[in-house]
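Here's the structure, in structure tokens; my notes come after.
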Amino acid sequence: MAEQHTASRQTILIRLTVNEHGHEVAVEPHETLIELIRDHLGLTGTKKSCDMQVCGACTVLLDGRPVSSCTLLAFEARNASLLTIEGMAQGGTLHPIQEAFIACSGFQCGFCTPGMILTAKALLDEHPQPTIEEIKHYMRGNLCRCTGYKRILESVQTAAQRLASAGGAR
Amino acid sequence: MLQPFALEEPTSVREASALLARYGEAARLYAGGTELLLAMKEGLLHYDRLINIKTIAGLADITRDADALRIGATATHRTLERSPEVHTHFTAFTRLEAHVANVRVRGTGTIGGNLCFAEPHADPGTLLQVYDARVKLARQGSTRTLAIEAFFVGAFEVALAEDELLTEIQIPYLPAHTAAAYRKFGLLERPSVGVAVAVTALPSGVQAVRIAVGCVGPTPRRIYEAETMLSGKEIAAVRAGLPEAGELAGRAADAVSDLHGSADYKAYLVGVLLRRAFEDAYQQAMAGEATDG
């Protein structure tokens, strides 16, 4: 562990990739991943809502695994690959999951959407052709308070179809 | 917001135990943090120092032994949900783990953390009781094993000495003609009631029944009196006795009234879930599956 004790507070130097760009940052042990993402890196697409791992708004992918960035300590991202909503589009082209959410009107206010899209990506990377029940089970920890679940389900199904016809996940 | 704390990252159980001995109540073990960090954010708990035990090699391993499956304390719920070894021998445990909280918590939270935090509204401790699981506890220079029943002392309280770590959960393979099932119900994020049943059954009758109830009281607990009522009988007699056994289990579970429901409501649900879990386990035991469901 690369670390140094300053006068009173410990800092940990971590390396990670954020949306495929390498970073080296110093974090304190008690800092959360969402503080690193929003406050240090300025990536404000990740939203904090319940702050207790229930709602899924702050979901990001760490080495492909969905995590609640509100309650994961930032140092846990060391040597990992972090994907936030800002990393989904490639060179100005939206990811097929993002396109599907637009095509199906899979959001209203949009606050839950980054977490929904990243959770959907983790699901589709693992199960490219999930059943409705598998989608519901995997995404039950992502809450939408505009009551848009039907269209969100349609968005994920549509994304699965588009990814399949485009030759697999990306 | 989390208050500042220092982080220790031991690489061995011995080192972690030494840190616990050195810092006492000012430090706490940290694994997934899915329970601990929430309580610290709320200001309910504060520690000057967290001891990350995920840096200890081998502590998350799942291994098959001659008599038991051994699960390392820092294995995550998601790892258990997806483990072929767990699925082969303890299908009900696979199903339980697949329904803990949500996929993010399952990917981060650990089985050892879940048991050691001893939040009453949790699932694994209840099912592990009907499996007759044991926990391995280690400190500098010595280890001991304890029945999971004896590990739970009270709400948020377990039988760990100050410098002791839970390192492993040992689940003995089920006897022949035996299957288990777990049923839970809840309206909030956490379960209100959980009931686990293991049944050993032959065409001639129900040889043995093990019952545990969780979430409703301070700790999950075995309900031996209800087990005795149902064991060693023909299936018709067992089914006829289930309502009374359910009432007994409801009373014996030490239900408390809280946000999850009144004590009476929970005691009633214990009976309902007991009947369902029994029937599920019984059908599987009779179907002769090598494992449980």
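Chains as they are written, first to last, in our numbering: chain Y, 1 to 170; chain F, 1001 to 1293.
In this text, a Cβ means the ideal position worked out from N, Cα and C, and glycines have one as well.
Scanning chain Y for C-beta atoms nearer than 8 Å to the C-beta of Gln-1140/F yields nothing, as the closest lies near 22 Å away.
Listed in chain order, the alpha helix (DSSP H) elements of length 4 or more contained wholly in the segment 1004–1083 of chain F are 1013–1023, 1036–1041, 1077–1082. Inclusion of Ala-1122/F and Asp-1132/F in the CB contact set at 9 Å is not warranted, their separation being larger than that value. For Phe-1185/F, the uninterrupted beta strand (DSSP E) run begins and ends at 1178–1185, by DSSP.
Sixteen is the threshold: when 16 or more other Cβ atoms of the shown chains lie within 10 Å of the Cβ of Lys-47/Y, as they do, the residue is buried.
For Val-1272/F, the three-state secondary structure derived from DSSP is helix. The DSSP-derived three-state label of Glu-1162/F is coil. Listed along chain Y is no residue with a C-beta nearer than 9 Å to that of Phe-1156/F; the closest approach is about 17 Å. At least 9 Å separates the beta-carbon of Met-1286/F from that of Pro-1172/F. At least one C-beta of chain Y is nearer than 9 Å to the C-beta of Thr-1108/F.
Identification of chain F residues near Arg-65/Y by a Cβ-Cβ cut-off of 7 Å yields Gly-1107, ordered along the chain.
For the segment 1003–1014 of chain F, the set of residues with a beta-carbon nearer than 9 Å to any beta-carbon of chain Y comprises Gln-1003, Pro-1004, Phe-1005, Ala-1006, Leu-1007, Glu-1009, in chain order. Per DSSP, reduced to three states, the secondary structure at Asp-39/Y is helical. Only Glu-1189 from the segment 1182–1208 of chain F bring a Cβ to less than 9 Å from some Cβ of chain Y.
Measuring C-alpha to C-alpha distances from His-1046/F to each of Leu-1037/F, Leu-1115/F, Arg-1221/F, Leu-1174/F identifies Leu-1037/F as the nearest.
Sorting Gln-1284/F, Leu-1259/F, Arg-1239/F by C-alpha distance to the C-alpha of Val-1272/F places Arg-1239/F at the top. Scanning the segment 71–142 of chain Y from its first residue to its last, the whole alpha helix (DSSP H) runs of 4-plus residues come out as 96–103, 113–126, 132–138.
Closest in alpha carbon position to Leu-62/Y, among His-127/Y, Gly-87/Y, Phe-101/Y, is Gly-87/Y. With distances taken between CA atoms, Glu-1149/F lies nearest to Leu-1115/F out of Leu-1020/F, Thr-1063/F, Thr-1143/F, Leu-1115/F. Contact annotation: in the segment 134–167 of chain Y, residues whose CB is within less than 9 Å of a CB in chain F are His-137, Tyr-138, Met-139, Arg-140, Gly-141, Asn-142.
Pairing Tyr-1023/F with Gly-1032/F, the inter-Cα distance amounts to about 21 Å. For Pro-1172/F, the secondary structure class from DSSP, reduced to helix, strand or coil, is strand. The criterion of a C-beta distance shorter than 9 Å is satisfied by Gly-1113/F and Glu-1035/F. The continuous beta strand (DSSP E) containing Glu-24/Y extends over residues 21–27. Residue environment for His-21/Y: exposed (fewer than 16 other C-beta atoms within 10 angstroms of its C-beta). At a C-beta separation below 8 Å, Leu-1038/F has these neighbours in chain Y: Met-52, Gln-53, Thr-71. His-30/Y reaches chain F at Leu-1002, Gln-1003, Pro-1004, Phe-1005, counting residues in chain order whose Cβ is nearer than 8 Å. Taking C-alpha positions only, Leu-1002/F is separated from Tyr-1030/F by approximately 14 Å. A check of alpha carbon separations from Gln-98/Y across Met-116/Y, Leu-41/Y, Met-139/Y identifies Met-116/Y as the nearest.
The count of Cβ pairs closer than 8 Å, one atom from the segment 1051–1061 of chain F and one from the segment 1193–1202 of chain F, stays below three, leaving the stretches out of contact. As the crow flies, the alpha-carbon of Gln-53/Y is around 26 Å from that of His-95/Y. Sixteen is the threshold: when 16 or more other Cβ atoms of the shown chains lie within 10 Å of the Cβ of Cys-112/Y, as they do, the residue is buried. Here Val-1209/F has Val-1199, Glu-1227, Leu-1230, Ser-1231 as same chain residues with Cβ atoms under 6 Å from its own Cβ, once five neighbours each way along the sequence are excluded.
Using a Cβ distance threshold of 9 Å, Thr-1110/F and Thr-1143/F do not count as a contacting pair.
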